[in-house]
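Chemist: Below you'll find the structure I mean.
In the numbering used here, the protein residues as written are 622 to 779.
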């Protein structure tokens, strides 16, 4: 069953950024902030509102790595696997998080939409490697045990 999409979010973004193709990225960013992903239902809606083909909108949404067409959890956990983090053992952290949350390389989000676990090439926290980011907060010098403890603290918040 599909979720009901609140298109007023898009209307407000169009009003703020303009109803032209040059506003598309800003509108998609706003949509993703609110929905936590880009639902497929927004493509025909934006196509009509911006007079841009659905294919063009889809192309932009899939070109930029920051956009997601899949639902993400309330907490998006990004495990850095850049050089500094990798050599300081970020992969065991990733593997532990996946095991703890019942995720895999292909299943990135928990069924309850609480957590999404992804890898990223760099968080810019090399001096604190290995680092993990949850939403917009970086957690430095992580270990598999501290990563599990972090997940537990986040679960307790809910």
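In this text, a Cβ means the ideal position worked out from N, Cα and C, and glycines have one as well.
(1) Could you have a look at residue 627 and say whether DSSP puts it in helix, strand or coil?
(2) Looking only at its chain, what residues have a beta carbon closer than 7 Å to the beta carbon of residue 711, apart from the 5 residues adjacent to it on each side?
(3) Counting only runs that start and end within the region 685-765, where is the alpha helix (DSSP H) found for 4 or more residues in a row?
(4) Over the uninterrupted alpha helix (DSSP H) stretch that includes residue 669, give me the two end residues.
(5) Do you know whose CA, among 694, 638, 729, lies nearest residue 735's CA?
(6) Indicate the three-state DSSP secondary structure (helix, strand or coil) for residue 641 in the structure shown.
(7) Could you pull out every residue in the same chain whose Cβ sits closer than 7 Å to the Cβ of residue 622, ignoring the five residues on either side in sequence?
(8) Look up residue 775 in the DSSP assignment and say whether it is helix, strand or coil.
(9) Assign residue 664 to buried or exposed, taking buried as 16 or more other Cβ atoms, counted over all protein chains shown, within 10 Å of its Cβ.
(10) My guess is that residue 641 and residue 671 are in contact by the Cβ rule of under 8 Å, so how many angstroms apart are they, rounded?
(11) Can you find the residues in the same chain that come closer than 6 Å, C-beta to C-beta, to residue 728, ignoring five residues on each side of it along the sequence?
(12) In chain order, what residues of the same chain have a beta carbon less than 6 Å from the beta carbon of residue 667, not counting five sequence neighbours either side?
(13) For residue 582, count neighbouring Cβ atoms within 10 angstroms of its own Cβ and tell me buried if that reaches 16, exposed if not.
(14) Have a look at residue 763 and residue 629 and give me their C-alpha separation to the nearest angstrom.
(15) For a quick check, are the C-beta atoms of residue 657 and residue 692 less than 9 Å apart?
Modeler: With the given structure in hand:
(1) In this structure, residue 627 counts as coil in the three-state DSSP scheme.
(2) In chain order, 700, 701, 702, 751 place their CB closer than 7 Å to the CB of residue 711, counting only its own chain and leaving out the 5 sequence neighbours on each side.
(3) 704-708, 711-722
(4) 663-671
(5) 694
(6) coil
(7) Only weak support is given to the placement of residue 622: the predicted model assigns it a pLDDT of 44, under 50, and the question is left unresolved by the model.
(8) In this structure, residue 775 counts as helix in the three-state DSSP scheme.
(9) buried
(10) 7 Å
(11) none
(12) The residues are 678.
(13) Because the chain in this structure spans residues 622 to 779, residue 582 falls outside the shown range and cannot be described.
(14) C-alpha separation (whole angstroms): 40 Å.
(15) Cβ distance < 9 Å, so residue 657 and residue 692 count as in contact.
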